[in-house]
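Note that our numbering has the sequence shown beginning at 2, numbered continuously upward. All C-beta atoms, glycine included, are put in the ideal place defined by N, C-alpha and C. For clarity, every value in this text was computed on a predicted model and none was experimentally measured. Working notes for the structure below.
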Amino acid sequence: MEIGLIGLPLSGKTTVFEAITHTLKDKSSKNTNIGISRVEDPRIDELVALFDPKKI
């Protein structure tokens, strides 16, 4: 799943991004932030038990 955080300037987008991904951004950089966050979902365990995928 891919999501994007959008909003007005100085509305807290970077703060929310850093809280979700547990990262800190170099404040002098204007580059796009890309991060990965693990979200636990108990339904995945049930699907894994049913289908036995090679990777989760």
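Residue range 14-22 is occupied by the alpha helix (DSSP H) that includes I21.
Residue state for I45 is assigned as helix, using DSSP reduced to three classes.
Listed in chain order, the non-local C-beta contacts of G36 below 6 Å within the same chain comprise T22, T24, local neighbours out to five positions each way being set aside.
The straight-line gap separating the alpha-carbon atoms of T16 and N34 is approximately 11 Å. 8 Å or more divides the Cβ of L9 from the Cβ of F18.
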